[in-house]
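Structure first, commentary second.
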Amino acid sequence: MKNIKGLIIQFRLEFIEERLGADAFKKFIHSLSLPTQEILRSPVLPSSSYSFSILKEIDERLPQVIDKPLEPLFREIGAYSAPKIVDRYFYNYVSSREPRKFLFQYQRLYPILWGFGKVTVEESDQQDHQFDVSFSYEQDIHKPYCWFMQSFLEHAVRFVGAPSVTLIERECDAENGERCWYQIQWSGE
């Protein structure tokens with residue numbers, strides 16, 4: 027099983043605790059498998075690697091405690107995580123309002139921050155402010171993770187200054203695609 031950085035798990039847990047409150051959050055953690063509980067008893071360190079199966083288990087249990095359809099729930103998690111991650115790790119792009127440069131820096135930092143799969147960012151030579159962002163993974167992913175990533179990207183690009191962001195899914199690994207491929211576009215900067 028491949029690994030993902032603790033940063034992603036940390037923000038997922040933070041979102042859950044904020045939504046549920048401390049007591050319900052503890053019950054949620056106790057509902058997870060014993061190996062996952064054992065790992066989560068210690069602080070989740072952003073730069074440490076954890077099995078992707080931990081995030082997947084959390085994601086699979088989440089709908090049992092938060093009464094919201096899956097897609098809107100995971101898009102909300104992406105929207106929640108974007109400003110926190112971008113403000114912490116991409117602050118220069120927030121202050122300079124440069125979404126184009128942010129996307130290329132995201133590609134460079136993705137292996138360090140996520141540690142899961144590979145991302146490629148390509149700028150369109152056909153249209154201004156249009157980029158193809160694709161993720162390739164060495165293992166199967168679950169659709170809620172895709173919704174999270176789509177929302178994260180859309181909100182992150184908006185957070186660094188792109189108005190009217192549109193993200194279109196062109197291919198999905200979770201739906202038997204070879205990769206997750208998104209087209210991101212925004213109006214003039």
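In our numbering, the protein residues as written are 27 to 215. Glycine included, C-beta positions come from ideal geometry on N, C-alpha and C.
Sixteen is the threshold: when 16 or more other Cβ atoms of the shown chains lie within 10 Å of the Cβ of Ser-160, as they do, the residue is buried. DSSP places Asp-158 in the strand class (E or B) of the three-state scheme.
With fewer than 16 other CB atoms across the displayed protein chains lying within 10 angstroms of its CB, Ile-194 is exposed.
Around the beta carbon of Leu-60, fewer than 16 other beta carbons sit within 10 angstroms, so the residue counts as exposed. C-alpha of Glu-149 to C-alpha of Lys-52: approximately 44 angstroms in a straight line.
Non-local beta-carbon contacts of Ile-167 in its own chain, meaning distances under 7 angstroms to residues more than five positions away in sequence, involve Asp-199 and Ala-200 in chain order. With the rule of 3 Cβ pairs closer than 8 angstroms, the segment 27-42 counts as touching the segment 71-90. According to the DSSP secondary-structure assignment, Val-145 is paired through a beta bridge with Phe-161. Here Gln-165 has Lys-28 as same chain residues with Cβ atoms under 6 angstroms from its own Cβ, once five neighbours each way along the sequence are excluded.
By the Cβ test, the segment 93-108 is not in contact with the segment 124-137, since fewer than three Cβ pairs between them sit closer than 8 angstroms.
Looking from the CA of Phe-142, the closest CA among Ile-103, Ala-188 and Lys-82 belongs to Lys-82. For Cys-206, the beta-bridge partners assigned by DSSP are Phe-161. The C-beta separation of Arg-123 from Val-191 comes to about 13 angstroms, leaving the pair out of contact by the 8 angstroms criterion.
For Ile-194, the enclosing beta strand (DSSP E) covers residues 192-197.
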